[in-house]
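Participant:
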Amino acid sequence: MRYNGQVRAKKHLGQHFLKDESIAERIANVVPFEGVDKVLEVGPGMGVMTKYLLRMPHIETWVVEIDRDSVSYLKANYNVISARILEEDFLKWNPSLTFGDERFALIGN
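Each number in this note's numbering corresponds to the 1-based position in the sequence shown with 2 added.
1) Could you give the uninterrupted runs of the beta strand (DSSP E) lying entirely in the region 31 to 105, keeping only those of 3 residues or more?
2) Identify, in the order they occur along the chain, each residue of the same chain with its Cβ nearer than 7 angstroms to the Cβ of Glu90, setting aside the five sequence neighbours on each side.
3) Identify every residue that forms a DSSP beta bridge with Ile109.
4) Within the chosen definition, does the region 72 to 83 reach the region 40 to 51 through at least 3 CB pairs nearer than 8 angstroms?
5) Thinking just about the alpha-carbon of each residue, which of Ile61, Tyr54, Val41, Ile87 is nearest to the one in Ile25?
6) Could you tell me whether the region 32 to 39 touches the region 85 to 102, where touching means 3 or more Cβ pairs closer than 8 angstroms?
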């Protein structure tokens with residue numbers, strides 16, 4: 003199923019969506035990747051910053067998103083990471099179940 007709609011921010015989830023491309027790119031470019039080959043983006047929404055993380059060479063991008071609408075949007079528009087979209091609450095997520103003992107960078111806005 004292709005998702006073409008926009009995702010609306012949900013107040014009960016405390017959502018705010020990053021829309022400024024230049025800010026998203028700057029944030030992605032300052033992630034300290036020394037010693038890691040994975041990055042986890044918390045609450046990617048519609049993937050504005052995800053797009054820039056995916057351009058990082060030798061970095062595997064993962065996202066954790068609680069909102070079902072955002073997950074549908076991400077799967078439709080960022081198919082390359084479809085298997086690395088964790089649909090769950092970041093505050094309840096257990097990193098060792100996903101990454102084991104591997105180190106990873108963490109990013110969100």
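Beta carbons are placed, not taken as given, at the ideal position from N, Cα and C, and that holds for glycine.
Keep in mind the model is a prediction, meaning the values are calculated, not measured.
Facilitator: Reading it off the structure:
1) 40 to 44, 62 to 67, 87 to 89
2) Val66, Ile68
3) Glu43
4) yes
5) Tyr54
6) no
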